[in-house]
Amino acid sequence: MLDELLLYDASDSPFCLKARICLQLKGVPFRRVPVTLGRLRELRRLNPLGQVPVLVQGTEVIVDSSRIARHLEARYPEPALIPRDPTARAYAALVEEWADEALYFIVAAFKWLNPVNRRAAVENTVSEMTGAALRPLVGHLLVRRERRRYAAWGHTEATLGALEERMRENVAALAGLLDGRPYLLGRRPMLADVAAFAQLCWLGRYVERRLLAETPAVQQWLERLAAAPPVAAAL
Ligand SMILES: N[C@@H](CCC(=O)N[C@@H](CS)C(=O)NCC(=O)O)C(=O)O
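Every position in the sequence shown, counted from 1, becomes a number in the numbering used here once 15 is added.
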């Protein structure tokens, strides 16, 4: 019998969304394992960094959304999510890296530094982690940890304007890459689309979503992806 695939997962994680969309696009059945406080020790045994997503397939443990995507590509080659042509492959890898690093950094800053997002940030993160009694404390500790991390990188509420400008530039760059195409690499969604979509879809949960509405080409690409049945199933 084939092993059931387990995805250690969190609802407000763009990297988990990226992994779920890849699984859905490949048509591979899997079970989500939401990471609660009670499962943190189990998660750390699988991934000492304590981060999600983690995919478990039989005895194999695959940590990190990019490695999960490549594991799936090797195991389930069709439909291909990574181009085979070397130039297109390199381009797709750069887009994925940009989405995972640059976009993630800015959206997470909006989430944790903007007081207007604070309630949604805490609720979206802690509601599946723990029961009502512990939520205020866990929320408080999370906000403090994230704000300290961003302060160490030189970002506070006062730098949100500069981060908004950076996001505008990134969204404009994405519109340039789309250049009238339905998806980044042509006629169907691939991993490059999935990676950028996951971060911008996450942005859609916070007030800075208004930045997306300023660029119709990107807004339409997001809507096109969200309407694709495998993507919709992962949301
Ligand atoms: N490079 C990793 C990043 C994963 C990551 O940052 N996960 C976050 C959720 S979005 C996490 O688990 N954070 C919990 C922590 O760092 O304690 C990937 O692509 O999967």
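Just so you know, even glycine gets a beta-carbon here, dropped at the ideal spot from N, CA and C.
I need the straight-line Cα distance from Met16 to Asn139, nearest angstrom please.
Caution applies to Met16, whose pLDDT of 49 falls short of 50 and renders its modelled position unreliable; the model cannot decide the point.
Delimiting residues of the beta strand (DSSP E) encompassing Gln72
DSSP places Gln72 in the uninterrupted beta strand (DSSP E) bounded by Val69 to Gln72.
Does any heavy atom of ligand 1 sit closer than 6 Å to the C-beta of Ser142?
no
Nearer than 6 Å: is that true of the beta carbon of Gln15 relative to any heavy atom of ligand 1?
Outside the shown range of the chain, which is 16 to 250, sits residue 15, and nothing can be said about it.
Under the DSSP definition of a beta bridge, which residues are partnered with Tyr23?
Val48 and Val69
CB-CB under 7 Å to Val76, same chain, minus the five flanking residues each way: which ones, in chain order?
Closer than 7 Å at Cβ, skipping near neighbours: Leu61 and Val69.
Kindly indicate which residue of Arg133, Ala117, Leu38 and Ala107 has the alpha-carbon position closest to the one of Pro244.
Leu38
Does Glu229 pass the burial test, meaning 16 or more other C-beta atoms within 10 Å, or should it be called exposed?
exposed
Residue nearest to Ala177 in terms of C-alpha spacing, selected from Asn129, Cys31, Ser28 and His86
Asn129
Beta bridge counterpart(s) of Val78 as assigned by DSSP:
Val69
Could you tell me the distance, in whole angstroms, from the CA atom of Thr171 to the CA atom of Glu223?
16 Å
Taking DSSP as the reference, what is the three-state secondary structure of Gly201?
strand
Nearest to Val153 by CA position, among Val141, Arg162, Glu161 and Arg163, is which residue?
Val141
CA nearest to the CA of Pro98, picked from Gly201, Leu237, Pro231 and Glu238:
Gly201
Considering only C-alpha positions, which residue in the set Phe212, Arg150 and Phe120 is nearest to Glu179?
The candidate whose alpha carbon is nearest that of Glu179 is Phe120.
Do Trp217 and Val122 come within 7 Å of each other at the CB atom, strictly closer than that value?
Going by beta carbons, Val122 and Trp217 fall inside the 7 Å limit.
Contact the region 204-221 vs the region 18-35: 3+ CB pairs below 8 Å:
yes
For the alpha helix (DSSP H) containing Leu118, list its first residue and its last residue.
That residue, Leu118, is in no alpha helix (DSSP H); it is neither H nor E in DSSP.
Cβ-Cβ separation, Tyr91 to Ala124 (assumed contact under 8 Å), whole Å:
About 35 Å; that fails the 8 Å criterion.
Extent of the continuous alpha helix (DSSP H) to which Glu238 belongs:
Where Glu238 is concerned, the enclosing alpha helix (DSSP H) stretches over Pro231 to Ala242.
DSSP state of His86 mapped onto helix, strand, coil
Correct three-state label for His86: helix.
Just the C-alpha distance for Leu157 and Ala147, rounded to the nearest angstrom, thanks.
One C-alpha to the other measures close to 16 Å.
Closer than 6 Å to a non-hydrogen atom of ligand 1 - does that hold for the CB of Phe125?
no
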